[in-house]
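See structure below.
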Amino acid sequence: MMGKLLLYKNEKGEKNKYFFMPRSIMISSYKFHKTASKMFTGQKSLKRLCSQGLGPDYLQMAYAKFAGAPLKVHKITNPWRSPTGTLPALKTREEGSISQPSKIIIHLRKQKYNADYDLSAKEGADTLAFVSLLEEKLLPALIYTLWIDSKNYVDVTRCWYAENISFPLNFLLPNRMHCQQLEKLRLMRGDPVLEPGEQLEKELCRDAFECMTLLSQRLGSQKFFFGDSPSSLDAYVFAHLAPLLKIKLPNGKLQQHLNSLNNLQQYCTNILALYFPSDARETPGRKIHAQPDSSDLDNEPHKRRNQILSVLFAVGAMLGYAILTGIVTIKRERPQLKNSGHDDGDEEDED
Numbered sequence: 001m002m003g004k005l006l007l008y009k010n011e012k013g014e015k016n017k018y019f020f021m022p023r024s025i026m027i028s029s030y031k032f033h034k035t036a037s038k039m040f041t042g043q044k045s046l047k048r049l050c051s052q053g054l055g056p057d058y059l060q061m062a063y064a065k066f067a068g069a070p071l072k073v074h075k076i077t078n079p080w081r082s083p084t085g086t087l088p089a090l091k092t093r094e095e096g097s098i099s100q101p102s103k104i105i106i107h108l109r110k111q112k113y114n115a116d117y118d119l120s121a122k123e124g125a126d127t128l129a130f131v132s133l134l135e136e137k138l139l140p141a142l143i144y145t146l147w148i149d150s151k152n153y154v155d156v157t158r159c160w161y162a163e164n165i166s167f168p169l170n171f172l173l174p175n176r177m178h179c180q181q182l183e184k185l186r187l188m189r190g191d192p193v194l195e196p197g198e199q200l201e202k203e204l205c206r207d208a209f210e211c212m213t214l215l216s217q218r219l220g221s222q223k224f225f226f227g228d229s230p231s232s233l234d235a236y237v238f239a240h241l242a243p244l245l246k247i248k249l250p251n252g253k254l255q256q257h258l259n260s261l262n263n264l265q266q267y268c269t270n271i272l273a274l275y276f277p278s279d280a281r282e283t284p285g286r287k288i289h290a291q292p293d294s295s296d297l298d299n300e301p302h303k304r305r306n307q308i309l310s311v312l313f314a315v316g317a318m319l320g321y322a323i324l325t326g327i328v329t330i331k332r333e334r335p336q337l338k339n340s341g342h343d344d345g346d347e348e349d350e351d
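Counting in UniProt numbering, the sequence shown runs from 1 upward without gaps.
Here's what the structure looks like:
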């Protein structure tokens with residue numbers, strides 16, 4: 001997940017808005033002026049974006065595409081560089097830094113980029129119902145599949161982080177996010193001591209299968225859920241299903257069910273081809289390691305600081321290991337104090 005943070009200016013020299021997307025994407029816009037969308041993705045692909053198991057966080061990218069917001073996309077590897085220290089985050093002049101995905105979409109709508117502009121009241125109600133269905137039925141299974149399932153987590157999710165995040169974060173973030181996703185799943189299930197297991201997996205998969213089947217029936221033969229134009233519901237559905245479509249998982253029960261629903265599978269494929277053509281053309285199973293552009297590295301604002309911190313971290317780790325294993329020992333000797341008073345007494349006796 002290599003990349004960096006860049007600053008762009010418009011013709012008047014004004015700073016742009018920064019939109020930090022998860023899976024290391026930063027989006028900036030010229031005040032959302034009606035100009036052509038520019039997206040700088042480098043070697044990044046949807047497959048690797050979604051392989052972090054946070055496909056639902058890809059929602060903001062899909063919604064912005066569907067709403068026609070002009071975007072410039074840049075990659076960042078360190079979430080601590082974002083204005084809020086988390087991803088996604090949107091930095092604006094009007095509202096400061098926004099980190100909650102729902103508030104980011106609200107801000108896009110305030111800028112008159114609304115994917116639901118043409119929906120009727122009934123279609124708006126249907127959108128809310130299906131979004132609730134996705135969050136209740138499909139999202140927990142998606143979290144379990146990509147973050148909790150031991151085989152998928154070790155072989156895909158954690159491995160991806162270790163290869164694409166810079167040292168030392170590649171040792172810290174995967175386990176931290178694994179614990180966060182487990183806690184999130186426990187909150188969703190209402191069980192603070194919930195532990196992974198075969199029974200839990202069966203229940204989650206059953207709910208997810210039911211949700212995907214209902215989505216397939218609702219979609220039917222339509223291009224999008226509400227006709228020929230995508231809406232926020234399409235962004236929600238696509239963000240949840242795209243990871244299952246693009247990632248090869250050792251335990252792929254959800255993928256198998258999705259592939260059995262031909263219209264839903266074709267629906268995701270068509271969105272990739274229309275709105276993310278570079279991702280749709282990527283060969284499945286092809287393993288690509290993200291490499292930073294040399295010019296990008298030269299422009300990193302905190303490159304020197306990161307190098308120094310990495311060296312200090314490595315030295316501290318090696319020193320700690322040496323002390324714990326006994327390779328290096330530290331001995332403390334108590335200083336000998338001279339008894340000046342005793343010496344004076346001896347001299348007087350001699351006199």
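The beta-carbon is built from N, C-alpha and C at its ideal position, and this holds for glycine as well.
{"Check": "For G197, the first and last residue of its enclosing beta strand (DSSP E)", "Outcome": "It is not in any beta strand (DSSP E) - G197 carries neither H nor E in the DSSP assignment."}
{"Check": "Environment of T325 [buried if 16+ CB atoms lie within 10 Å]", "Outcome": "exposed"}
{"Check": "Validate contact between the segment 230–245 and the segment 268–279 using beta carbons, cut 8 Å, 3 pairs", "Outcome": "yes"}
{"Check": "Segment contact, 8 Å Cβ cut-off, at least three pairs: the segment 184–197 with the segment 117–133", "Outcome": "no"}
{"Check": "Closest Cα partner of P196 within the set G124, C179, Q222", "Outcome": "C179"}
{"Check": "Per-residue burial, I308 [other beta carbons within 10 Å of its own, 16 or more giving buried]", "Outcome": "exposed"}
{"Check": "Alpha-carbon to alpha-carbon, G320 and K331", "Outcome": "16 Å"}
{"Check": "Environment of K246 [buried if 16+ CB atoms lie within 10 Å]", "Outcome": "buried"}
{"Check": "CA-to-CA distance, L204 to L138, given in whole angstroms", "Outcome": "8 Å"}
{"Check": "Option in Q265, I327, I98 with minimal Cα separation from Q222", "Outcome": "Q265"}
{"Check": "Cut-off 7 Å between Cβ atoms - residues of its own chain near V258, not counting five sequence neighbours on either side", "Outcome": "Note that residue 258 corresponds to Leu in the displayed sequence, not to Val. Here the set comprises M212, L241, L244, L245, L264, Q265."}
{"Check": "Distance CB(A115)-CB(F171) smaller than 9 Å", "Outcome": "no"}
{"Check": "L87, DSSP secondary structure in three states", "Outcome": "coil"}
{"Check": "Identity of the residue in F167, R186, D149 nearest L312 by Cα", "Outcome": "F167"}
{"Check": "Proximal residues to H107 (C-beta, below 7 Å), its chain only, five neighbours per side dropped", "Outcome": "L90, T92, E95, I98"}
{"Check": "Residues sharing a beta bridge with I98, DSSP", "Outcome": "L90"}
{"Check": "Distance, K103 Cα to L187 Cα", "Outcome": "21 Å"}
{"Check": "CB contact flag (I105, L59, <9 Å)", "Outcome": "yes"}
{"Check": "Helix, strand or coil at F224 according to DSSP, with G and I counted as helix", "Outcome": "strand"}
{"Check": "Cβ-Cβ distance between N251 and K151 below 9 Å", "Outcome": "yes"}
{"Check": "Extent of the continuous alpha helix (DSSP H) to which E135 belongs", "Outcome": "Run containing E135: none; DSSP gives neither H nor E here."}
{"Check": "Cβ-Cβ separation, L119 to F226 (assumed contact under 8 Å), whole Å", "Outcome": "6 Å"}
{"Check": "C-beta atoms of Y144 and L200 nearer than 9 Å", "Outcome": "yes"}
{"Check": "Three-state secondary structure (DSSP) of L249", "Outcome": "coil"}
{"Check": "N114 - containing alpha helix (DSSP H), residue span", "Outcome": "Careful: N114 lies outside any alpha helix (DSSP H) and carries neither H nor E."}
{"Check": "Within 9 Å, strictly: CB atoms of L249 and L134", "Outcome": "no"}
{"Check": "Alpha carbon of L261 to alpha carbon of Y267, nearest angstrom", "Outcome": "10 Å"}
{"Check": "Inter-residue spacing [alpha-carbon to alpha-carbon] between L219 and W160", "Outcome": "33 Å"}
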